[in-house]
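Structure first, commentary second.
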Amino acid sequence: MGAALLTSLSIITPIVEQQKIQQAKDAQQSQIEAEQQVQLRAQEQAKYEAEKQIERQAQLQPQKADNLDQSRMAFANADSDLSTVWSKLTPAKKKDLLPSQRQWIKTKDAMCGKVSMQGTDAEVKKMVDCQTQMTLSRIAFLSKPITEVSFKLAPGVNLVPA
Numbered sequence: 002m003g004a005a006l007l008t009s010l011s012i013i014t015p016i017v018e019q020q021k022i023q024q025a026k027d028a029q030q031s032q033i034e035a036e037q038q039v040q041l042r043a044q045e046q047a048k049y050e051a052e053k054q055i056e057r058q059a060q061l062q063p064q065k066a067d068n069l070d071q072s073r074m075a076f077a078n079a080d081s082d083l084s085t086v087w088s089k090l091t092p093a094k095k096k097d098l099l100p101s102q103r104q105w106i107k108t109k110d111a112m113c114g115k116v117s118m119q120g121t122d123a124e125v126k127k128m129v130d131c132q133t134q135m136t137l138s139r140i141a142f143l144s145k146p147i148t149e150v151s152f153k154l155a156p157g158v159n160l161v162p163a
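If you're matching positions, the sequence shown starts at 2 in this note's numbering and goes up one per residue.
Structural data, given as structure tokens:
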């Protein structure tokens, strides 16, 4: 009887251990799936907000503003929206994007002229409209959802068999 019990225990113990390992893997997979769902929802929300912001800009700024004041207002709105988008970025993302943001500003000023530029109303309007369009493009670029996903293993879970 003792040998039969010992044999039964030696068979059952690995099965129980295997079940524990499988449960840990299942729990880890559930955690990964939950994190993916959270990330997906965050991406969908960011996309929705970006689309709404672009819609708002389209409503606020006709493609060709009728006069200089309308152009200046459209630029002020776009510039404000750009600041809002920038402020919502993570500190790490801001640090990564800062050199390209500075270069974008230089390029925008070189292509469009500086906002402080003097000239006829038509010349200033053309510059302000150019600044506005480039700013709206930058907003769209900065509003793109992040596609990187990171996962953390639950404490005590090891995906590599021992």
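Just so you know, even glycine gets a beta-carbon here, dropped at the ideal spot from N, CA and C.
| Query | Result |
| --- | --- |
| Burial state of residue 132 (16 or more Cβ within 10 Å) | buried |
| CB contact check: residue 84 to chain D, cutoff 7 Å | Structure shown: chain D not included; a single protein chain is present. |
| Status (buried if at least 16 other CB within 10 Å, exposed otherwise) for residue 35 | exposed |
| Straight-line gap, residue 65 to residue 130 (C-alpha atoms, nearest Å) | In this prediction, residue 65 has a pLDDT of 48, which is less than 50 and means its spatial position is unreliable; nothing more can be read from the coordinates. |
| Buried or exposed (CB count within 10 angstroms, at least 16 for buried), residue 103 | exposed |
| Terminal residues of the alpha helix (DSSP H) in which residue 128 lies | 122–143 |
| Per-residue DSSP class, three states only, for residue 118 | coil |
| Cβ-based burial, residue 140 [other Cβ within 10 Å; buried from 16] | buried |
| Residues near residue 93 by beta carbon distance below 7 Å, same chain, minus five either side | none |
| Sequence-distant residues of the same chain with beta carbon closer than 6 Å to residue 135, five excluded per side | 109 |
| Proximal residues to residue 125 (C-beta, below 7 Å), its chain only, five neighbours per side dropped | 69 and 118 |
| Length of the line joining the Cα atoms of residue 48 and residue 112 | 29 Å |
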